[in-house]
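Below you'll find the structure, written out as structure tokens, and then a few comments.
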Amino acid sequence: MALNPEIPNNELPLLPPDRDAIETKAILRQESKAAVALAELKGLAHTLPNQNILINAIVLKEAKASSEIENVITTHDSLYQALTAKSFKPDSATKEVLRYREALFAGTEFIRNKGFLSTNGIIQVQNILEENTAGLRQLPGTTLKNDATGETIYTPPDDKDAISNLMTNLEKFLNIDEDDDVSPLIKLAVQHYQFESIHPFYDGNGRTGRIVNVLYLMLKGLLDSPILYLSGFIIQNKGEYYRLLRDVTFNSNWEPWVLYILKGIEQTASNTIKQVNSINGLILETINIVKEKTPRIYSKDLIEILFLQPYCKIDFLVDNLKIERKAASRYLQSLQEIGIVTAQKIGRENIYINTKLFELLKGNNMSQGGTQI
843 MALNPEIPNN
853 ELPLLPPDRD
863 AIETKAILRQ
873 ESKAAVALAE
883 LKGLAHTLPN
893 QNILINAIVL
903 KEAKASSEIE
913 NVITTHDSLY
923 QALTAKSFKP
933 DSATKEVLRY
943 REALFAGTEF
953 IRNKGFLSTN
963 GIIQVQNILE
973 ENTAGLRQLP
983 GTTLKNDATG
993 ETIYTPPDDK
1003 DAISNLMTNL
1013 EKFLNIDEDD
1023 DVSPLIKLAV
1033 QHYQFESIHP
1043 FYDGNGRTGR
1053 IVNVLYLMLK
1063 GLLDSPILYL
1073 SGFIIQNKGE
1083 YYRLLRDVTF
1093 NSNWEPWVLY
1103 ILKGIEQTAS
1113 NTIKQVNSIN
1123 GLILETINIV
1133 KEKTPRIYSK
1143 DLIEILFLQP
1153 YCKIDFLVDN
1163 LKIERKAASR
1173 YLQSLQEIGI
1183 VTAQKIGREN
1193 IYINTKLFEL
1203 LKGNNMSQGG
1213 TQI
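So for the sequence shown, this note's numbering puts the first residue at 843; every next one is plus one.
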């Protein structure tokens, strides 16, 4: 019997699905490509002098892109100003994106401390995202509609016991590898479909689900930190993302969906590898310029501060280099004179922008190729 999109899907099948459906030859071939790219990224990230350089950049890009999928739009400039300048008053969209960043870091800490990813951990992530403590849905009435036509395209489970049982089943799938030989990358695609289909919260399901994706990769040891910018790929292929989700729901057609996620992982990892190489190149270029033109102020720690995020201020140098404010101000002015940073006044504060790094981080090079499904 065909599923009616207007009737709650309280009979959503439990995980795992039939292995033949998720381990086709095409899926296994693509899984191998994705695994190689992800392993290379994991290793290459350690070549940076400080992994937080990449973590800060990717997490903010991921937060911005994941929120953009939900039509929450802000700019890189606003985000970095909000993180740097005390006097800057961010708009609601910028605050929302920064909450995503906070939620992702909280989820990262949860799995590092606990060693597993539980329903309670996922609820904590959603609480931070949405600034509420509503928890799992208890009441009916949630439907997913076509934004253009208003037509109901899917109604998730609305029975609170069904939602609770499905989340318990999902938690087991995330943490217990009964099928040890099923690739965690394939399982990632499966769990993401299931989470979006359960739609366990009143709001914030999409962004919470995309955070869970990154946390799952860390949980399985495929990444050491949240440095996969998968939401950028989804933005480039947003229509396909929702179409393939529905194809699993209404036709049990798993292969195109799993392939989509695996290709997203491969392309995102490959593009992030290029960005790591670009950052390393820019760090080396900056070191050479500073050593040549202002050798007295050069230090490894100073260079790291300039790359931890593209917007810098005197306080950052005072706190990290343990120097006086006058010296920190002199350092930044010297860096401005040789073209490493440009100054911008925000309120009463002087902010110094590593312009080349800013342009590199906000660029779309990490999403290139994203439309090639």
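Where a beta carbon is used, it is the ideal one built from N, C-alpha and C, also for glycine.
If you count every other CB in all the chains shown that lies within 10 Å of the CB of residue i, and 16 or more means buried, which is it?
i, result
"R1085", "exposed"
"I1018", "exposed"
"N1113", "buried"
"A876", "buried"
"I1121", "buried"
"G1081", "exposed"
"I900", "buried"
"T1091", "buried"
"E848", "exposed"
"K903", "buried"
"L809", "Within the shown structure, residues of the chain are numbered from 843 to 1215, placing residue 809 beyond reach of any answer."
"I1195", "buried"
"S1025", "buried"
Out of curiosity, what's the CA-to-CA distance linking residue i and residue j?
i, j, result
"N974", "N1047", "13 Å"
"P999", "Q1175", "59 Å"
"I1180", "P1137", "12 Å"
"G957", "L946", "16 Å"
"V1100", "I864", "7 Å"
"A1170", "A887", "29 Å"
"T950", "R941", "14 Å"
"M1208", "G1074", "Confidence at M1208 is low in this model, with a pLDDT of 41, below 50, so its placement is unreliable and the value that follows should be read with caution. C-alpha separation (whole angstroms): 8 Å."
"L1072", "G1063", "17 Å"
"F952", "K1135", "45 Å"
"Q1210", "C1154", "Residue placement at Q1210 is poorly supported in this model, since its pLDDT is 39, which falls under 50; the coordinates still yield a value, given next. Cα-Cα distance, rounded: 29 Å."
"E1201", "A1004", "47 Å"
"A1031", "L1104", "8 Å"
"L1199", "A844", "52 Å"
"I1215", "D1089", "Residue confidence for I1215 is low, a pLDDT of 34 falling below 50, so the modelled location carries little weight; the figure read from the coordinates is stated next. Straight-line Cα distance between these residues: approximately 16 Å."
"N1119", "L890", "9 Å"
"S934", "H918", "14 Å"
"A948", "A905", "13 Å"
For residue i versus residue j, is the C-beta spacing smaller than 7 Å?
i, j, result
"I1193", "T916", "no"
"A976", "Y1044", "yes"
"T997", "K987", "no"
"Q968", "K1002", "no"
"L1147", "I1129", "Looking at the sequence shown, residue 1147 is not Leu but Ile. In this structure, I1129 does not lie closer than 7 Å to I1147 by Cβ."
"F1015", "L857", "yes"
"L1163", "D1143", "yes"
"E938", "S960", "no"
"L1124", "E873", "no"
"L978", "P1042", "yes"
"I911", "I1077", "yes"
"L883", "I1053", "no"
"E1097", "T866", "yes"
"L1065", "Q1036", "no"
"L971", "R1049", "yes"
"Q893", "I1188", "no"
Assuming residue i contacts residue j under a Cβ cut-off of 8 Å, what Cβ separation, rounded to an integer in Å, is found between them?
i, j, result
"Q1151", "N898", "5 Å"
"S1039", "L854", "6 Å"
"K928", "E1191", "7 Å"
"H1034", "N1007", "Going by Cβ atoms, the distance from H1034 to N1007 rounds to 19 Å, so no, they are not a contact pair."
Within the continuous beta strand (DSSP E) that includes residue i, where are the two ends?
i, result
"N1192", "1191-1195"
"A844", "Taken as a continuous stretch (DSSP letters only), A844 belongs to no beta strand (DSSP E), as it is neither H nor E."
"I1188", "1184-1188"
Kindly indicate the opening and closing residues of the alpha helix (DSSP H) around residue i.
i, result
"Y996", "Unbroken run through Y996 is the beta strand (DSSP E), 994-996; no alpha helix (DSSP H)."
"R1049", "1047-1061"
"K1105", "1096-1135"
"E944", "934-956"
"N1007", "1002-1017"
"K884", "867-886"
"F930", "Note, F930: premise wrong, no alpha helix (DSSP H); not H, not E."
"Q966", "961-972"
"V1160", "1156-1163"
May I ask you to check if the CB of residue i is nearer than 6 Å to at least one heavy atom of the ligand NAP?
i, result
"R1052", "With respect to the ligand NAP, the structure offers nothing, as it holds no ligand at all."
Hey, is residue i's beta-carbon within less than 7 Å of any beta-carbon in chain C?
i, result
"P1042", "Included in the structure is just one protein chain, with no chain C present."
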